[in-house]
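Q: Handing you this structure, nothing more for now.
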Amino acid sequence: MTPFGDRLAAAMDAHGPVCVGIDPHPSLLASWGLDDEAEGLRRFGLAVVEELGGRVAALKPQSAFFERHGAAGVAALEDVLAAARDTGTLTILDVKRGDIGSTMTGYAEAYLGDRGPLRADAVTLSPYLGLESLRPALDLARRTGRGVFVLALTSNPEAAAVQHARHDGVPVAAQIADGARAENAAAPGERLGSVGLVVGATTGSATQDLGLDLAGVGGPLLAPGVGAQGAGAAELAQVFGRACGQVLASTSRTVLQQGPGRLHEAAAQVVEEVRAAMSA
Numbered sequence: 323m324t325p326f327g328d329r330l331a332a333a334m335d336a337h338g339p340v341c342v343g344i345d346p347h348p349s350l351l352a353s354w355g356l357d358d359e360a361e362g363l364r365r366f367g368l369a370v371v372e373e374l375g376g377r378v379a380a381l382k383p384q385s386a387f388f389e390r391h392g393a394a395g396v397a398a399l400e401d402v403l404a405a406a407r408d409t410g411t412l413t414i415l416d417v418k419r420g421d422i423g424s425t426m427t428g429y430a431e432a433y434l435g436d437r438g439p440l441r442a443d444a445v446t447l448s449p450y451l452g453l454e455s456l457r458p459a460l461d462l463a464r465r466t467g468r469g470v471f472v473l474a475l476t477s478n479p480e481a482a483a484v485q486h487a488r489h490d491g492v493p494v495a496a497q498i499a500d501g502a503r504a505e506n507a508a509a510p511g512e513r514l515g516s517v518g519l520v521v522g523a524t525t526g527s528a529t530q531d532l533g534l535d536l537a538g539v540g541g542p543l544l545a546p547g548v549g550a551q552g553a554g555a556a557e558l559a560q561v562f563g564r565a566c567g568q569v570l571a572s573t574s575r576t577v578l579q580q581g582p583g584r585l586h587e588a589a590a591q592v593v594e595e596v597r598a599a600m601s602a
């Protein structure tokens with residue numbers, strides 16, 4: 323199988339450097355005329371896939387909104403992921419898992435194996451039990467041609483207490499970036515490595531302040547915060563600099579709040595804005 327990073331690079335070339343979240347907030351469900359229950363989530367997610375499948379670089383379901391409805395909600399998520407696979411659209415399952423040993427292996431098999439009903443093309447992972455604790459997921463993703471996005475620099479204010487902290491004189495976020503770079507360097511010849519980072523588009527000067535070499539990571543940079551959360555051209559340029567070509571901007575409410583029948587037009591507008599920002 324073609325590595326995830328190369329498949330993502332091709333999808334970004336074809337459809338633009340934007341992924342659209344599938345985040346069924348209760349308020350969004352209500353605005354779509356759907357009930358806040360598992361069937362409403364399923365209908366919401368399938369409608370997003372129907373409109374945007376094959377028309378955006380990736381779709382990013384947020385697992386938590388489905389999980390809160392228990393087994394029926396997880397079943398709805400399985401249906402949404404399967405529908406996206408049928409369109410050939412890449413999926414990034416936003417689960418932010420992080421654990422150790424056999425538990426991390428279980429998470430890896432659930433999301434990155436070839437047979438699990440919750441399998442996706444990539445997942446988000448939390449490295450704060452130590453980046454090496456993610457080894458089962460990193461290794462399985464490489465074997466199955468899938469990818470991971472490791473939380474490195476998020477935009478929530480409380481994250482600085484951990485991500486900006488220094489260990490042996492080096493900021494934790496910089497150590498995570500260095501680890502991702504090393505993983506991607508182990509697979510030379512790929513246009514984009516399959517180990518990416520999550521870097522918030524609203525983190526301001528933090529990348530410079532902490533000395534993060536994002537371009538050197540060699541993998542994709544998933545950038546939440548574009549659109550409704552306030553990040554535009556200036557913010558993307560400040561945060562990512564010469565790594566802008568690796569950015570996969572993530573947007574959700576800006577597109578989803580437009581309602582059914584108008585999603586593609588809204589997503590295309592975000593793509594146009596992000597492309598303009600990256601070429602500035």
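One gets my numbering by counting positions in the sequence shown from 1 and adding 322 to each. The C-beta atom is built at its ideal place from N, Cα and C for all residues, glycine as well.
Just list the residues that DSSP pairs phenylalanine 388 with in beta bridges.
A: Along the sequence shown, read from residue 1 onward, the residue named residue 388 stands at position 66. DSSP lists no partner for phenylalanine 388.
Q: Leucine 475: which of Ala523, Gly438, Leu440, Ser455 sits nearest, CA to CA?
A: On the sequence shown, position 153 is the one that residue 475 refers to. It is Ala523 whose Cα lies nearest to the Cα of leucine 475.
Q: If you follow the beta strand (DSSP E) that leucine 543 is in, where does it begin and where does it stop?
A: Walking along the sequence shown from the start, residue 543 turns up at place 221. Note, leucine 543: beta strand (DSSP E), 543-546.
Q: Identify whether proline 493 lies in helix, strand or coil by the three-state DSSP scheme.
A: In the sequence shown, residue 493 corresponds to position 171, counting from 1. Strand.
Q: Does the distance from the CB of leucine 558 to the CB of alanine 571 come in under 9 Å?
A: Here residue 558 refers to the residue found at position 236 of the sequence shown. Here residue 571 refers to the residue found at position 249 of the sequence shown. Yes, they are a contact pair.
Q: Going by the beta-carbon positions, is the gap between leucine 350 and glutamine 579 smaller than 9 Å?
A: For this step, residue 350 is matched to residue 28 along the sequence shown. For this step, residue 579 is matched to residue 257 along the sequence shown. Contact flag set, yes.
Q: Over what stretch of residues does the beta strand (DSSP E) that includes alanine 487 continue unbroken?
A: Numbered from its first residue, the sequence shown carries residue 487 at position 165. No beta strand (DSSP E) holds alanine 487; DSSP gives it neither H nor E.
Q: Applying the criterion that 16 or more other CB atoms from any shown protein chain within 10 Å of the CB defines a buried residue, is histidine 489 buried or exposed?
A: Along the sequence shown, read from residue 1 onward, the residue named residue 489 stands at position 167. Exposed is the call here.
Q: Looking only at its chain, what residues have a beta carbon closer than 8 Å to the beta carbon of alanine 398, apart from the 5 residues adjacent to it on each side?
A: Residue mapping note: residue 398 aligns to position 76 of the sequence shown, counting from 1. Here the set comprises Ala360, Glu361, Leu363, Arg364, Gly367, Phe388, His391.
Q: Tell me the DSSP bridge mates of phenylalanine 562?
A: Your numbering for residue 562 matches position 240 in the sequence shown. Paired residues: none, contrary to the question.
Q: When burial is assigned at 16 or more other CB atoms within 10 Å of the CB, is leucine 451 buried or exposed?
A: Counting from one through the sequence shown, the residue named residue 451 turns up at place 129. When all chains shown are included, leucine 451 counts as exposed.
Q: Just how far apart, CA to CA, sit alanine 509 and glycine 515?
A: For the purposes of this step, residue 509 is identified with residue 187 of the sequence shown, where counting begins at 1. For the purposes of this step, residue 515 is identified with residue 193 of the sequence shown, where counting begins at 1. The alpha-carbon atoms of alanine 509 and glycine 515 are separated by roughly 7 Å.
Q: I'd like the list of long-range same chain contacts for serine 574, defined as Cβ closer than 6 Å, with 5 residues on each side in sequence excluded.
A: What you label residue 574 is simply residue 252 of the sequence shown in a count that begins at 1. Excluding residues within five positions, the ones whose Cβ falls inside 6 Å are Gly343, Asp345.
Q: CB valine 340 to CB valine 539, shorter than 9 Å?
A: For the purposes of this step, residue 340 is identified with residue 18 of the sequence shown, where counting begins at 1. For the purposes of this step, residue 539 is identified with residue 217 of the sequence shown, where counting begins at 1. For valine 340 and valine 539, no; Cβs fall outside 9 Å.
Q: Helix, strand or coil: which one does DSSP assign to aspartate 416?
A: Reading the sequence shown from its first residue, position 94 is the one you call residue 416. Three-state result, aspartate 416: strand.
Q: Could you give the first and the last residue of the continuous beta strand (DSSP E) run that contains valine 340?
A: Here residue 340 refers to the residue found at position 18 of the sequence shown. Start and end: 340-344.
Q: Starting from valine 517, follow the beta strand (DSSP E) in both directions and report where the run begins and ends.
A: Translated into positions along the sequence shown, residue 517 becomes position 195. Here the beta strand (DSSP E) through valine 517 covers 517-521.
Q: Please tell me whether phenylalanine 471 and alanine 444 are closer than 9 Å, where the distance is taken between their beta carbons.
A: Along the sequence shown, read from residue 1 onward, the residue named residue 471 stands at position 149. Along the sequence shown, read from residue 1 onward, the residue named residue 444 stands at position 122. Yes, Cβ-Cβ distance for phenylalanine 471 and alanine 444 is below 9 Å.
Q: Quick check: proline 291 and threonine 425, are their CB atoms within less than 9 Å of each other?
A: This structure leaves residue 291 out entirely; the chain is present only between 323 and 602.
Q: The alpha helix (DSSP H) with valine 539 in it runs from where to where?
A: Start at 1 with the first residue of the sequence shown, and residue 539 comes out as number 217. Start and end: 536-539.
Q: Are glycine 518 and leucine 544 touching if we call contact CB-CB under 9 Å?
A: Along the sequence shown, read from residue 1 onward, the residue named residue 518 stands at position 196. Along the sequence shown, read from residue 1 onward, the residue named residue 544 stands at position 222. In this structure, leucine 544 lies closer than 9 Å to glycine 518 by Cβ.
Q: Suppose you measure from the CA of valine 577 to the CA of aspartate 401; what does that come to, to the nearest Å?
A: Indexing the sequence shown from 1 puts residue 577 at position 255. Indexing the sequence shown from 1 puts residue 401 at position 79. Rounded to whole angstroms, valine 577 to aspartate 401 spans 21 Å at the Cα level.
Q: If you compare alpha carbons, which of Met600, Gly567, Gly327 is closest to alanine 556?
A: Counted from its first residue, the sequence shown places residue 556 at position 234. Here the closest residue by C-alpha is Met600.
Q: Can you have a look at methionine 334 and say buried or exposed, based on whether 16 or more other CB atoms are within 10 angstroms of its CB?
A: For the purposes of this step, residue 334 is identified with residue 12 of the sequence shown, where counting begins at 1. With 16 or more other Cβ atoms within 10 Å, it is buried.
Q: Report the partner residues of alanine 430 according to the DSSP bridge assignment.
A: Residue numbering aside, residue 430 sits at position 108 when the sequence shown is read from its first letter. According to DSSP, which records beta bridges pairwise, alanine 430 is partnered with nothing at all.
Q: So who's on the other strand from glycine 469, going by DSSP bridges?
A: Locating residue 469 in the sequence shown gives position 147, counting from the first residue. Paired residues: Ala444.
Q: Using beta-carbon positions only, say whether threonine 411 and glycine 435 come within less than 9 Å of one another.
A: In the sequence shown, the residue the question calls residue 411 occupies position 89. In the sequence shown, the residue the question calls residue 435 occupies position 113. Their beta carbons are not under 9 Å apart, which means threonine 411 does not touch glycine 435 by this criterion.
Q: Between the C-alpha atoms of histidine 337 and threonine 525, what's the straight-line distance to the nearest angstrom?
A: Against the sequence shown, residue 337 aligns to sequence position 15. Against the sequence shown, residue 525 aligns to sequence position 203. Distance between the alpha carbons of histidine 337 and threonine 525: 26 Å.
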